[in-house]
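Student: Quick one: structure below, then a few questions.
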Amino acid sequence: MGAAGYPPERHLLSDLGIEAESIAESDTVARIRATPHIVAADGGVRAGVLATLVDLVGGSEAIRAARPDRMVTADLTLQMVRPAVGPFVEARGRVVRRGRTTLVIEAGVFDVSGEGSQATADAGDAPPAAWATMTFAIHAGNQSKASGDEGPRLPARWSFTGAGLEGPVVDALSLSETGAGGGEVSMPVREYLLNSFGAVQGGVMALLGEVAALRAFEGAGGPGGAVVTDLQVAYLATGRVGPIVSRTRVLGTCGDGPGTGGSRWNAVVELFDEGDGGRLATVINVGAVSPGPPAEGPA
Amino acid sequence: MGDVIRTDGVDPGRNVGEYFRLQRWEIPPVNGGLSELAGRAPVDDHQRGAGGGLRTGGLLTSVDSIGGMLAGLSVQPQWIVTTSMMATVTRLSHRGPLRLHARVLRRGRNAVVTGLDVVDEGNRDLPVASVTMTSAVLDPGNMQHHFDRPIRSAMPPPSPNPQGIEEFFGIEAGAGAVTHLDLADHLRNPWGILHGGAVATLADVAACRAVAADRAGGGNGSGDGTADGDGRGRGGAGGLAAGDMVIHYLRPSRVGPVEARCKVIGGQDGRTLVRVAVHDVGADHRLVDLASVAVVEV
Numbered sequence: 001m002g003a004a005g006y007p008p009e010r011h012l013l014s015d016l017g018i019e020a021e022s023i024a025e026s027d028t029v030a031r032i033r034a035t036p037h038i039v040a041a042d043g044g045v046r047a048g049v050l051a052t053l054v055d056l057v058g059g060s061e062a063i064r065a066a067r068p069d070r071m072v073t074a075d076l077t078l079q080m081v082r083p084a085v086g087p088f089v090e091a092r093g094r095v096v097r098r099g100r101t102t103l104v105i106e107a108g109v110f111d112v113s114g115e116g117s118q119a120t121a122d123a124g125d126a127p128p129a130a131w132a133t134m135t136f137a138i139h140a141g142n143q144s145k146a147s148g149d150e151g152p153r154l155p156a157r158w159s160f161t162g163a164g165l166e167g168p169v170v171d172a173l174s175l176s177e178t179g180a181g182g183g184e185v186s187m188p189v190r191e192y193l194l195n196s197f198g199a200v201q202g203g204v205m206a207l208l209g210e211v212a213a214l215r216a217f218e219g220a221g222g223p224g225g226a227v228v229t230d231l232q233v234a235y236l237a238t239g240r241v242g243p244i245v246s247r248t249r250v251l252g253t254c255g256d257g258p259g260t261g262g263s264r265w266n267a268v269v270e271l272f273d274e275g276d277g278g279r280l281a282t283v284i285n286v287g288a289v290s291p292g293p294p295a296e297g298p299a
Numbered sequence: 300m301g302d303v304i305r306t307d308g309v310d311p312g313r314n315v316g317e318y319f320r321l322q323r324w325e326i327p328p329v330n331g332g333l334s335e336l337a338g339r340a341p342v343d344d345h346q347r348g349a350g351g352g353l354r355t356g357g358l359l360t361s362v363d364s365i366g367g368m369l370a371g372l373s374v375q376p377q378w379i380v381t382t383s384m385m386a387t388v389t390r391l392s393h394r395g396p397l398r399l400h401a402r403v404l405r406r407g408r409n410a411v412v413t414g415l416d417v418v419d420e421g422n423r424d425l426p427v428a429s430v431t432m433t434s435a436v437l438d439p440g441n442m443q444h445h446f447d448r449p450i451r452s453a454m455p456p457p458s459p460n461p462q463g464i465e466e467f468f469g470i471e472a473g474a475g476a477v478t479h480l481d482l483a484d485h486l487r488n489p490w491g492i493l494h495g496g497a498v499a500t501l502a503d504v505a506a507c508r509a510v511a512a513d514r515a516g517g518g519n520g521s522g523d524g525t526a527d528g529d530g531r532g533r534g535g536a537g538g539l540a541a542g543d544m545v546i547h548y549l550r551p552s553r554v555g556p557v558e559a560r561c562k563v564i565g566g567q568d569g570r571t572l573v574r575v576a577v578h579d580v581g582a583d584h585r586l587v588d589l590a591s592v593a594v595v596e597v
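Chains A and B, in that order, are what the protein sequence lines are.
Mapping to the working numbering: the first sequence position 25 is 25, numbers consecutive.
Each number in the working numbering comes from the position in the second sequence (counting from 1) with 299 added on.
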């Protein structure tokens with residue numbers, strides 16, 4: 001997290017160009033430019049990228065709040081209320097509860113007009129595009145590997161500057177299809193995707209879940225162009241060895257009334273670390289909307 | 300000699316479980332793994348919401364009962380308390396009965412994660428909800444749970460005097476986007492704190508009322524308007540139903556009354572997201588739960 005050489009020069013966080021700032025002891029903001037490489041079919045930044053952004057905000061606050069203990073993300077939820085179209089998208093987080101073994105953080109995601117704290121101030125109390133929560137598990141007495149011997153401390157402001165994405169962010173995951181029915185994808189574990197603890201970054205797992213769900217929707221007969229709006233991510237174990245492979249169940253549509261439009265999809269994506277004995281690493285509940293009438297999902 | 304709660308296969312929060320007529324049975328491990336737990340609940344008419352099926356708060360009450368029990372069984376002689384629930388609701392209209400199936404996804408030293416699937420057994424097992432729950436492992440101290448294994452309990456009979464969900468949970472409308480719950484003894488779990496399902500039901504009712512109030516007040520997000528009608532009874536705040544829900548159980552509610560304070564975050568296409576902060580008024584108004592509820596038009 002911008003300390004002790006993390007992330008390396010070639011890293012997804014660097015290519016996303018995220019910059020972050022601590023604006024108070026318990027408040028952090030992080031921004032990203034809404035480039036064409038990271039947007040979904042509705043023109044807003046993809047849910048998996050927003051999950052990466054809020055995980056970074058939450059992680060930064062958790063490091064400060066849990067200091068000198070080590071912490072890992074236990075769960076993350078992201079619920080979108082409209083597309084986050086930018087030109088910059090900013091996540092603002094705050095600690096809700098610091099317990100002995102867990103830390104709960106909430107974050108809002110906002111469109112802002114430019115970079116820097118002035119843009120944040122200008123945005124004022126504009127309604128958020130998404131709302132997120134995270135739980136971090138605190139491991140007492142373990143200091144962050146990223147922080148060396150100094151304890152986990154962060155600068156007040158930092159940025160990840162890389163060469164930038166050369167294409168759609170999903171291409172950066174180097175995914176391959178592993179099943180004929182869609183929704184079963186495989187992702188190699190590379191340094192490019194790791195967090196400071198040497199495991200696949202939590203936001204990357206969320207992005208992988210987003211992609212797997214969308215492919216499963218299409219595989220189940222749904223129209224293309226669906227957009228993921230909701231992610232509920234439970235991190236059960238770290239993905240360290242790889243490849244990370246997905247297994248997806250499409251649950252079908254939600255609601256029968258006019259408000260739901262019959263075009264809302266849900267799926268459950270399980271991510272396994274195949275190289276680690278096939279251990280279940282992450283479970284993600286995914287909600288999405290599709291632009292046209294849906295096909296009936298499997299019962 | 301500690302207090303021994305002999306549960307004989309019935310959820311320690313038996314009042315809540317009996318209200319929803321929850322049947323339970325344990326599925327013993329096949330290859331040395333952990334037991335799984337299943338449940339079945341009818342969808343009685345007085346528990347249906349505006350979506351036509353079991354009100355989401357009620358659904359999550361049964362989920363909490365089954366998931367919490369399984370998590371507790373997996374760490375005995377220790378026991379657990381639910382710390383978070385992430386629920387994706389796929390269908391709001393149910394024929395019933397609903398069947399629940401819970402399995403342990405991860406059992407750690409400090410926490411247990413359980414995954415639950417709910418299907419509409421009366422309608423071709425169509426998926427109703429998928430839920431992930433996290434529970435913190437606690438030292439039970441003097442309080443010990445003894446169970447006859449495998450767990451097996453019959454479905455309680457219908458009540459001759461059925462109460463609506465809001466009446467059973469003691470939920471009453473407050474001003475604008477505030478909704479109250481009276482912390483009655485039958486809503487407490489063995490730790491003496493408010494049952495997680497009661498929190499889910501309060502969040503459900505409060506969020507629907509907040510959206511109705513927000514619309515009545517011009518949609519400024521404050522919920523300063525007045526909820527359409529009394530916001531109570533079979534349909535809740537008319538034409539609105541709670542769908543996906545995330546709850547973080549931050550601190551125990553012991554004193555009461557409990558108050559849900561809502562903020563409408565925004566939405567589109569008939570789906571509105573509401574932040575629900577639950578405070579224990581009798582404990583210096585401290586924040587005890589934080590939830591988000593997706594309210595949909597039905």
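Even for Gly, the Cβ is constructed at its ideal location relative to N, Cα and C.
Does the beta-carbon of residue 111 of chain A have 16 or more other beta-carbons within 10 angstroms, so that it is buried, or is it exposed?
Tutor: buried
Student: Please state whether DSSP places residue 314 of chain B in a helix, a strand or coil.
Tutor: helix
Student: Please compile the residues from chain A whose C-beta is within a distance smaller than 8 Å of the C-beta of residue 266 of chain B.
Tutor: Residue 266 of chain B cannot be examined here, being either before or after the span of chain B that is shown, 300 to 597.
Student: Residue 514 of chain B: beta carbon under 7 Å from a heavy atom of the ligand SAH?
Tutor: No copy of the ligand SAH occurs in the structure displayed, which carries no ligand at all.
Student: Using beta carbons (cut-off 8 Å, strictly below), is residue 195 of chain A in contact with chain B?
Tutor: no
Student: Measure the C-alpha to C-alpha separation of residue 176 of chain A and residue 264 of chain A and round it to an integer number of angstroms.
Tutor: 26 Å
Student: Return no unless some Cβ of chain B is closer than 8 Å to the Cβ of residue 291 of chain A.
Tutor: It does not; no Cβ of chain B falls within 8 Å.
Student: Find the residues of chain B that neighbour residue 251 of chain A, judging by a C-beta separation of less than 7 Å, and give them in chain order.
Tutor: 389, 426, 429
Student: Is residue 135 of chain A close to chain B, meaning its C-beta is less than 8 Å from at least one C-beta of that chain?
Tutor: yes
Student: With burial defined as no fewer than 16 other Cβ atoms inside 10 Å of the residue's Cβ, what is the status of residue 475 of chain B: buried or exposed?
Tutor: With 16 or more other CB atoms across the displayed protein chains lying within 10 angstroms of its CB, residue 475 of chain B is buried.
Student: Here's a check: name, in chain order, each residue in its chain whose Cβ is nearer than 6 Å to the Cβ of residue 135 of chain A, leaving out the five neighbours to either side.
Tutor: 74, 75, 102, 104
Student: Consult DSSP for residue 32 of chain A and reduce its assignment to one of helix, strand or coil.
Tutor: strand
Student: Assess, as a yes-or-no matter, whether the segment 407 to 416 of chain B is touched by the segment 364 to 373 of chain B under the definition of 3 or more beta carbon pairs within less than 8 Å.
Tutor: yes
Student: By how many angstroms is the C-alpha of residue 439 of chain B removed from the C-alpha of residue 203 of chain A?
Tutor: 36 Å
Student: In the DSSP output, which residue or residues are listed as bridge partners for residue 515 of chain B?
Tutor: Paired residue(s): none; residue 515 of chain B is not in a bridge.
Student: Rounding to the nearest angstrom, what Cα-Cα distance links residue 207 of chain A and residue 504 of chain B in this structure?
Tutor: In a straight line, the C-alpha of residue 207 of chain A is about 33 Å away from that of residue 504 of chain B.
Student: Alpha carbons only, please: which of B:575, B:497, B:589, B:441 is nearest the one belonging to residue 316 of chain B?
Tutor: When each option's Cα is compared against that of residue 316 of chain B, the closest is B:497.
Student: Between residue 178 of chain A and the rest of its own chain, which residues show a CB-CB distance below 7 Å, the 5 nearest in sequence each way excluded?
Tutor: 184, 185, 186, 245
Student: Tell me which same chain residues have a C-beta within less than 7 Å of the C-beta of residue 461 of chain B, skipping the five on either side of it?
Tutor: 343, 345
Student: Could you check which residue in A:62, A:70, A:12 has the C-alpha nearest to that of residue 95 of chain A?
Tutor: A:62
Student: Just checking: is the beta-carbon of residue 527 of chain B within a distance shorter than 8 Å of some beta-carbon in chain A?
Tutor: Bear in mind that a pLDDT of 39 at residue 527 of chain B, under 50, signals an unreliable position, so the number given afterwards is only what the model happens to contain. Output row for residue 527 of chain B: interface = no.
Student: In angstroms with no decimal places, state the Cα-to-Cα distance between residue 6 of chain A and residue 19 of chain A.
Tutor: Distance between the alpha carbons of residue 6 of chain A and residue 19 of chain A: 14 Å.
Student: Apart from the five residues just before and just after residue 399 of chain B, which ones in its own chain have a Cβ nearer than 7 Å to its Cβ?
Tutor: Short of 7 Å from the beta carbon of residue 399 of chain B, and not among the five residues preceding or following it, lie these beta carbons of its own chain, in chain order: 337, 338, 361, 362, 365, 415, 417.
Student: Taking only three categories from DSSP, how would you classify residue 213 of chain A?
Tutor: helix
Student: In terms of residues, what are the limits of the alpha helix (DSSP H) holding residue 65 of chain A?
Tutor: 47 to 66
Student: CA-CA distance, residue 288 of chain A and residue 441 of chain B?
Tutor: 47 Å
Student: Compute the Euclidean distance between the alpha carbons of residue 406 of chain B and residue 374 of chain B, then round it to the nearest angstrom.
Tutor: 8 Å
Student: So what does residue 405 of chain B bridge to, in DSSP terms?
Tutor: B:412
Student: Could you tell me whether the Cβ of residue 400 of chain B comes closer than 8 Å to any Cβ of chain A?
Tutor: no
Student: Pull up the distance between the alpha-carbon of residue 314 of chain B and that of residue 356 of chain B, whole angstroms please.
Tutor: Using only the alpha carbons, I get a separation of about 16 Å.
Student: Residue 437 of chain B to residue 381 of chain B, Cα distance in whole Å?
Tutor: 10 Å
Student: Say whether chain B places a C-beta atom closer than 8 Å to the C-beta of residue 8 of chain A.
Tutor: Taking Cβ atoms only, chain B never reaches closer than 8 Å to residue 8 of chain A, which makes this a no.
Student: Does residue 296 of chain A pass the burial test, meaning 16 or more other C-beta atoms within 10 Å, or should it be called exposed?
Tutor: Reliability of the predicted coordinates at residue 296 of chain A is poor, the pLDDT of 46 falling under 50, and the value obtained from them is presented with this limitation in mind. Under this definition residue 296 of chain A is an exposed residue.
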